[in-house]
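Since the structure comes first, as structure tokens, the remarks are kept for the end.
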Amino acid sequence: RLGGFAASRSERWELARAVALAVVLGGSAGVMLLGVLISFSRGAWVGVAAGLG
8 RLGGFAASRS
18 ERWELARAVA
28 LAVVLGGSAG
38 VMLLGVLISF
48 SRGAWVGVAA
58 GLG
């Protein structure tokens, strides 16, 4: 049992890294979306839309 636990150490590490990356990317996407929504009321969304278009 301990051998299996030790053998799966690299898989657990990779899973932890993948989860951490997903949390960081999801959080940054949320912050960006919040920024766009806040700026929407100030008219800045027009500049963003023009830059994307």
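Numbering-wise, the sequence shown is residues 8 to 60 according to this note's numbering.
For glycine and all other residues, C-beta sits at the position ideal for the given N, C-alpha and C.
(message) For serine 17 and glycine 11, what's the separation of their Cα atoms in angstroms?
(response) 11 Å
(message) In whole angstroms, give me the CA-to-CA distance for valine 31 and serine 15.
(response) 24 Å
(request) Report the rounded CA-to-CA distance for alanine 27 versus glycine 33, giving the unit in angstroms. (result) 10 Å
(request) With DSSP as the reference, label serine 35 as helix, strand or coil. (result) helix
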